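Numbered by the working numbering, the letters in the sequence shown go through residues 203 to 267 in order.
Step one of this worksheet: look at the structure below.
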Amino acid sequence: RVDVTQQAVSLHLKVLESAGLVEARREGTRHLYAVKREGFRPVHDFVAEFWTEPLSSLKKTLEKK
């Protein structure tokens with residue numbers, strides 16, 4: 203259990219939805235949220251630019267052991 207109010211969670215989910223990182227849908231009185239993979243493409247591209255080579259090197263090193 204996390205000590206966060208329902209209102210705080212709702213606010214954060216709205217921010218994520220506005221940023222295009224999650225999508226919301228209603229089922230009756232429930233609001234369901236799902237991650238939008240395409241929303242994370244810019245993050246992926248940014249991280250890949252800096253981490254692809256170091257991670258490949260790490261993988262090769264670990265596979266040798």
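From the three backbone atoms N, C-alpha and C, an ideal C-beta is built for every residue, glycine too.
Model, not experiment: these values are computed from the prediction.
Beta-bridge annotation (DSSP): R203 is not paired with any residue.
Contact annotation: the segment 241–253 touches the segment 210–225, with at least three C-beta pairs closer than 8 Å. Here L215 has Y235 as same chain residues with Cβ atoms under 6 Å from its own Cβ, once five neighbours each way along the sequence are excluded.
As the crow flies, the alpha-carbon of V204 is around 24 Å from that of R227.
In its own chain, leaving out the 5 sequence neighbours on each side, no residue places its CB closer than 6 Å to the CB of W253.
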